[in-house]
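**Student:** First the structure, then my questions, so here it is.
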Amino acid sequence: MRPGFAAGAIVALLAFMVITPGWFLPPGTTASGSLLVGHLGEHAAPESDCGPVSDDPIKRVTLVAQATVWEVAPGESFPTWSFNGIIPGPVICLREGDTLILTLENRLSTIASFHAHGLAREPSSDGTYLTASYAPPGGSYTYTLQADAHSVGTWAYHDAVAELDKDPFIDGLSLPESGEGIERGMFGAIIVYGEGELDEAGLPAGYDHEMVLVEAEFESEVTAGPVYMTINGKIAPVTPHYQFQAGETVRFRVLNVGPNANHNLWVEGLDWRQTQSGTVVDSVLFGALEFGDFTLEVGDEPRETQYTCSIDGHEEAGMHGLFSVIA
Amino acid sequence: MIQLKAPGAVLTFIALLAFQVVTPAYFLPPDAVIETDYQGHIDEHAAPELFCEPGGSRDYALTISEVRWEVAPGQFFTAWTFNGVIPGPTLCGYEGEALQVEITNRLDRAVEFNIAPAGTTDAVAMATVASGETYVLAHEALPAGTLVYSDAAGGIDHGLYGAIVVYGTDEPQVDHDIVVFEDEFAPPVTDGNDYFAVLNGKGYPLNPHYIFALDEEVRFRMINIGSELHTFHIHGHVWLDEAGNHVDNEVLAPGETVDGTIKMREPGSWMYHCHIYDHIAGGMTAMLTVLPDDFTGDPVAYLRNGGMH
């Protein structure tokens, strides 16, 4: 091979890489840096953020409360707190009738707790200051909770005590619950599947995909910089890029775990049907710690659009992403 | 030698007593026990608990006046109230009954007394009561549901509101029926710069501490009377919302009302609160205790001694 030809081939290849970067990225990554999720290549089984849910009625989970430098977008990071080093923390997936035995290891210098929404528990597993159900710095605490018939649905877990050991007096009042942990990213989703909602493999029955979408704001006091309005811990352009095939039915578990702000979720031209009640809405508004379980029919027409929170200033602060329907 | 005249001493003594009656908090030691407002399953109570018995009188008297309102321990502002309390007393009736309210206005401004179904601004009765005047408002036939009486001329921000519970003909049977107003008091109403987010007019721990028995069904008539969005979350309990979804945190837009019937499933003391942390920091959190099946004795005394945590 002549050297001139080899050099030419390399230049051409480099030029091709620059022009079409998507060609050379690992699967699941897009040129913008967003994580492509949903309908990717062949998938026989329905896709779910839970993966197959085991039928063992005892589910043991360990969460580690820890200091984390969190990257909300490439080059934009801030030191904060998390469960297991990720924001949101891992999705906890249960079946109706399951018992969750959750061990919290605390590597923070303040007390930390696991407070679950939606699950049945005794006060000693509530994760509150008044019940002293928290892990001391460097220590651990084990919680036992039950997913009963009333627990079927979508819920959040979060810390509820951080800093109460250091500064229990907020505005002159001794308050029993703290938002310090949730403000910094100590939260995650819980899904409880009812009878018949999972197939034999432990995957969602009757859906092509099931997605967990967590909305939360990070204030300037936490980031020591701009306010970040995040989807699954990230701001645009690195929020999830949802891609579905025309005609697919998708279940979206949507949570607002921000400490204070309202958020909504809107995709142009799509309706959101509440899975349990059947109520149809075109935009979903959430107050703090409000959760929704929606069935979305993506329609028969291929399209490229956005999902967004349309509350003033939230889209600009990162709360949006790409939503594609492919043929 | 100071010669104290007897009448002077007596007068001083009486004045001191009067001062104590008017401002009891003045004489409390700094670490005095804070009087939580215990409500619910206390002493003997007929079930269901009713705001009024069938066939009783529906004639009420409301006096509108300024009071020094203790919104949080040791923190006061000058509020406008019905009968000295926020919210005003819960009035009650049965669907179709006549209601008569004698309203006396001791403020130095007129009050636009207004009755509307909670969650709406569609007044079913209204009257202007001038400063210093008394007006008798008669309403012929009450509609079923939760109504709100208030001052439509800006008095809500100062505390001028209360509920009217009107039972329909086919009310669901519950063990307790509770009205919870969610609200916030902000400058300039609070005299200084302080901001308070409140449940039934008070911040933690002065707000109601409800006591219920295990397995009781409790109807909460949640009303957001404030100008901010609030939520209503109870620890350890899940119920069905009006659409039929499992929830443990109802969201109420300003002016919105939600009716929720919640079964008390787990013994122990639980927090209930608005889940917006800026509001919790403003006092919008409180306690609810579910007594175990075998509990005997005085629950209030038990809780005062730190029980059930």
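Chains A and B, in that order, are what the protein sequence lines are.
Per the numbering used here, the first sequence starts with residue 932, numbered consecutively.
Per the numbering used here, the second sequence starts with residue 398, numbered consecutively.
Even for Gly, the Cβ is constructed at its ideal location relative to N, Cα and C.
Take the Cβ of residue 953/A as the centre, count every other Cβ of all protein chains shown within 10 Å, and call the residue buried at 16 or more, exposed below.
**Tutor:** Its pLDDT being 42, under 50, residue 953/A is placed unreliably by the model, and the measurement read from it follows with that caveat. So residue 953/A ends up on the exposed side.
**Student:** Among residues of its own chain, excluding the 5 on either side of residue 451/B, which ones have a beta-carbon nearer than 7 Å to its beta-carbon?
**Tutor:** The residues are 491.
**Student:** Give the secondary structure of residue 475/B by DSSP, where H, G and I count as helix, E and B as strand, and everything else as coil.
**Tutor:** strand
**Student:** What is the rounded straight-line gap between the Cα of residue 681/B and the Cα of residue 703/B?
**Tutor:** 21 Å
**Student:** Can you name the residues that DSSP bridges to residue 1215/A?
**Tutor:** 1196/A
**Student:** Which ranges would you report for the beta strand (DSSP E) in the region 1033 to 1101 of chain A if only whole runs of at least 3 residues count?
**Tutor:** 1071 to 1077, 1084 to 1089
**Student:** What do you get for residue 1043/A, buried or exposed, if any count of 16 or more other CB atoms within 10 angstroms of its CB means buried?
**Tutor:** buried
**Student:** If you reduce the DSSP assignment to three classes, tell me which class residue 701/B lands in.
**Tutor:** Here residue 701/B sits in helix by DSSP.
**Student:** 7 Å is my cut-off, CB to CB: does residue 1084/A come that close to chain B?
**Tutor:** yes
**Student:** Name the DSSP beta bridge partners of residue 992/A, please?
**Tutor:** 1033/A
**Student:** Given a limit of 7 Å on CB to CB distance, which residues of the region 633 to 665 of chain B reach chain A?
**Tutor:** 633, 635, 640, 641, 642, 643, 645, 646, 648, 662, 663, 665
**Student:** Is any beta-carbon of chain B found at less than 7 Å from that of residue 1048/A?
**Tutor:** yes
**Student:** Buried or exposed: where does residue 512/B fall if 16 or more other Cβ atoms within 10 Å of its Cβ makes it buried?
**Tutor:** buried
**Student:** For chain B, is any of its Cβ atoms less than 7 Å away from the one on residue 1210/A?
**Tutor:** yes
**Student:** Do residue 1012/A and residue 1048/A count as a contact pair if the criterion is CB distance below 7 Å?
**Tutor:** no
**Student:** What does the alpha-carbon distance come out to for the pair residue 1022/A and residue 1008/A?
**Tutor:** 23 Å
**Student:** Please list the terminal residues of the continuous alpha helix (DSSP H) segment that includes residue 674/B.
**Tutor:** 674 to 678
**Student:** Counting only beta-carbon atoms, is residue 1187/A nearer than 7 Å to chain B?
**Tutor:** Chain B contact via Cβ: absent.
**Student:** Quick test of your reading: residue 487/B and residue 535/B, contact by CB under 8 Å. State the CB separation rounded to the nearest angstrom.
**Tutor:** That pair is no contact at about 20 Å.
**Student:** Determine the burial state of residue 422/B: buried for a count of at least 16 other Cβ atoms within 10 Å of its Cβ, exposed for fewer.
**Tutor:** Residue placement at residue 422/B is poorly supported in this model, since its pLDDT is 43, which falls under 50; the coordinates still yield a value, given next. Result: exposed.
**Student:** What does the alpha-carbon distance come out to for the pair residue 454/B and residue 633/B?
**Tutor:** 39 Å
**Student:** Pick helix, strand or coil for residue 1153/A, following the three-state DSSP scheme.
**Tutor:** helix
**Student:** Figure out for me which residue from 1073/A, 1123/A, 1066/A, 1121/A has the closest Cα to the Cα of residue 1096/A.
**Tutor:** 1066/A
**Student:** Using a cut-off of 7 Å between C-beta atoms, extract the partners of residue 1107/A located in chain B.
**Tutor:** 668, 682
**Student:** Cβ atoms of residue 980/A and residue 1123/A: under 7 Å apart, would you say?
**Tutor:** no
**Student:** Just confirm the distance between the C-beta atoms of residue 683/B and residue 606/B, as a whole number of angstroms; I'd bet it's less than 8 Å.
**Tutor:** The beta-carbon distance between residue 683/B and residue 606/B, rounded to whole angstroms, is 6 Å. This is short enough to meet the 8 Å contact definition.
**Student:** Note the first and the last residue of the continuous beta strand (DSSP E) segment covering residue 659/B.
**Tutor:** 654 to 660
**Student:** Going by C-alpha to C-alpha distance, which of 506/B, 665/B, 679/B sits closest to residue 551/B?
**Tutor:** For residue 551/B, the nearest C-alpha among the options comes from 506/B.
**Student:** Quick one: measure Cβ to Cβ for residue 663/B and residue 1091/A, integer angstroms, because I've assumed they're closer than 8 Å.
**Tutor:** Actually they are not in contact, since the Cβ atoms of residue 663/B and residue 1091/A sit about 17 Å apart, beyond 8 Å.
**Student:** Return the Cβ separation of residue 621/B and residue 649/B in integer angstroms, given the expectation that the two are a contact with Cβ distance under 8 Å.
**Tutor:** 4 Å
**Student:** Roughly how many angstroms lie between the CA atoms of residue 1063/A and residue 1156/A, to the nearest whole one?
**Tutor:** 34 Å
**Student:** Just to confirm my understanding: we take residue 1057/A, look at its own chain, exclude 5 residues before and 5 after, and list those with CB closer than 7 Å. What are they?
**Tutor:** 1046, 1064
**Student:** Given a cut-off of 7 Å on the beta-carbon distance, is the pair residue 1187/A and residue 1146/A in contact?
**Tutor:** Taking 7 Å as the Cβ cut-off, residue 1187/A and residue 1146/A qualify as a contacting pair.
**Student:** Take residue 631/B and list the residues in its own chain whose beta-carbon comes closer than 7 Å to its own, dropping the five residues that flank it on each side.
**Tutor:** In the same chain as residue 631/B, and ignoring 5 residues on each side of it, the C-beta atoms closer than 7 Å to its own belong to 645, 659, 667, 669, 685, in chain order.
**Student:** Which residue's Cα is closest to the Cα of residue 1199/A: 1107/A, 1243/A, 1230/A?
**Tutor:** 1230/A
**Student:** Report the CB separation of residue 570/B from residue 533/B in whole angstroms; it is logged as a contact under 8 Å.
**Tutor:** Taking the Cβ atoms as the reference, residue 570/B lies roughly 35 Å from residue 533/B, outside the contact range of under 8 Å.
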